[in-house]
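Residue numbering for the sequence shown follows UniProt numbering, starting at 1 and increasing by one per position.
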Amino acid sequence: MFKNLMIYRIGPDWPTSAESLEAALAAEPFAECSATQQRSTGWVPPRGEDHGALVEVVDGQWIARFVIETKSVPGDAVRRRTEEAVAEIEKTTGRKPGKKEVRDLRDDALQALLPQAFPRRGQVTAWIDPERRWLVLDTGAQGKADELITSLVRVAGKGFEVRLLHTQETPQAVMAAWLAAESAEALPDAFHVERECELKGSGDEPAVVKFTRHDLATEEVRQHIAEGKLPTKLALGWQGRVGFMLTQALQLKKITFQEGVFEEQAGAKDDDRFDADVALATGELGGLIDDLIEALGGEADPTAFPTPPSGDAAVATTTPTTTPITAGGHVASGATAAPDDDPPF
């Protein structure tokens, strides 16, 4: 549970209760792709139980789960079937199909092959902390986050607002300062630098330097920083309990809980284990995020949600996570999210 984190600030007027969120998510339950359907998304019970609750409440934390299923046909297979159809038309009619007809034949080929395609399924766990007003997604893929939040926009109703968490100082600037420091005392007590980072220069063809299993408290690393290269990701440890990779976009990736954190729950039954895992993971990660926000100078105006223009409700924008978004589908300026550099599942 929780290998990657993308952190969002929820607006002041949503959600009102776990029960209201449960009812909202029930409007978009997950259903498997039909024979000729390429993509299906929706919400499932996070415990994995048939007909279970779509929102679980554990120690005041709300957990939901979003599923994305896709079916794809190899391009070569579609092309071969299309070419066969084109050849048959040329043979039987003596004419060459036009561009529009070829496109239609390609669509027909895809629809004919889709029932044979195997579905691929991925899921995103959504954690809502109603007190801190966080929406935390267990994914490092921007595309997945966009789909989940777009679904929330459709079902949440009036008052839904969410945007990426902003801090007073950028993660990149703070990571650079930590790496440039000659003493570990430059870091907050809660954190320590591990042995992996990526530094990137500027310009159209920037130099990239990667360190893996390497001491980062060296003159070599400080020299790269002095030359203008900036960290895009840095491995950190928190309180000797959690390891993670911090990115320039304020994402946490490759999260690992240190040995002993979950040991007390090793013999728990499935239901008890789910509750215990959620309580421990959200407790640890909540403390980590609090300390990280403080290390980055504090949150930049957590109440700032631009007022959307008036007008009829619209369907969700396709880029809900790059800017603040409301249930009306109105977008205002805000933080830029990181590119989707993770595999789809």
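Ideal placement from N, C-alpha and C gives every residue a C-beta, glycine not left out.
Going by beta-carbon coordinates alone, are residue i and residue j separated by less than 8 Å?
{"i": "K229", "j": "L246", "result": "no"}
{"i": "G159", "j": "D301", "result": "no"}
{"i": "V221", "j": "E284", "result": "no"}
{"i": "residue 351", "j": "R47", "result": "A query on residue 351 cannot be resolved here, the shown segment of the chain reaching from 1 to 345 and no further."}
{"i": "L114", "j": "V73", "result": "yes"}
{"i": "G122", "j": "K253", "result": "no"}
{"i": "M6", "j": "Q251", "result": "yes"}
{"i": "residue 351", "j": "Y8", "result": "Outside the shown range of the chain (1 to 345) lies residue 351, about which nothing can therefore be said."}
{"i": "V209", "j": "L199", "result": "yes"}
{"i": "V124", "j": "V278", "result": "no"}
{"i": "D129", "j": "G286", "result": "yes"}
{"i": "Q61", "j": "T282", "result": "yes"}
Taking DSSP as the reference, what is the three-state secondary structure of residue i?
{"i": "G75", "result": "helix"}
{"i": "E169", "result": "coil"}
{"i": "T82", "result": "helix"}
{"i": "G240", "result": "coil"}
{"i": "P115", "result": "helix"}
{"i": "L296", "result": "coil"}
{"i": "T322", "result": "Summary for T322: the model assigns pLDDT 42, below 50, so the residue's position carries little reliability, and this model does not support an answer."}
{"i": "G143", "result": "helix"}
{"i": "residue 396", "result": "The first residue shown for the chain is 1 and the last is 345, placing residue 396 beyond what the model contains."}
{"i": "R133", "result": "coil"}
{"i": "R47", "result": "coil"}
{"i": "M6", "result": "strand"}
{"i": "R95", "result": "coil"}
{"i": "S17", "result": "coil"}
{"i": "K100", "result": "helix"}
{"i": "R213", "result": "coil"}
{"i": "L25", "result": "helix"}
{"i": "E220", "result": "helix"}
{"i": "E205", "result": "coil"}
{"i": "T150", "result": "helix"}
Determine the burial state of residue i: buried for a count of at least 16 other Cβ atoms within 10 Å of its Cβ, exposed for fewer.
{"i": "Q172", "result": "buried"}
{"i": "H51", "result": "exposed"}
{"i": "P231", "result": "buried"}
{"i": "D204", "result": "exposed"}
{"i": "L148", "result": "buried"}
{"i": "S17", "result": "exposed"}
{"i": "E32", "result": "exposed"}
{"i": "Q116", "result": "exposed"}
{"i": "S151", "result": "buried"}
{"i": "A26", "result": "exposed"}
Under the assumption that residue i contacts residue j (Cβ atoms under 8 Å), give the Cβ distance between them as a whole number of angstroms.
{"i": "E299", "j": "T167", "result": "6 Å"}
{"i": "V193", "j": "A295", "result": "Contact flag wrong, Cβ pair sits at about 12 Å."}
{"i": "G42", "j": "P29", "result": "5 Å"}
{"i": "I68", "j": "K144", "result": "6 Å"}
{"i": "T70", "j": "Q38", "result": "7 Å"}
{"i": "T218", "j": "E196", "result": "14 Å between Cβ atoms; not a contact."}
{"i": "I225", "j": "A186", "result": "Actually they are not in contact, since the Cβ atoms of I225 and A186 sit about 12 Å apart, beyond 8 Å."}
For a cutoff of 8 Å on Cβ pairs, would you count residue i as touching chain C?
{"i": "L21", "result": "Judged by its chain identifiers, the structure shown contains no chain C, having just a single protein chain."}
Could you tell me whether any non-hydrogen atom of the ligand GTP is closer than 7 Å to the CB of residue i?
{"i": "W134", "result": "Among the components modelled here there is no ligand, and therefore nothing to report on the ligand GTP."}
* Do the stretch 74-82 and the stretch 106-121 make contact, defined as three or more Cβ pairs closer than 8 Å? -> The stretch 74-82, when compared against the stretch 106-121, does touch it at the 8 Å Cβ threshold.
* Asked: Is it true that the stretch 257-264 meets the stretch 147-156, where meeting means three or more beta-carbon pairs spaced less than 8 Å apart?
  -> Contact check between the stretch 257-264 and the stretch 147-156: fewer than three CB pairs, one atom from each, fall below 8 Å, which does not count as touching.
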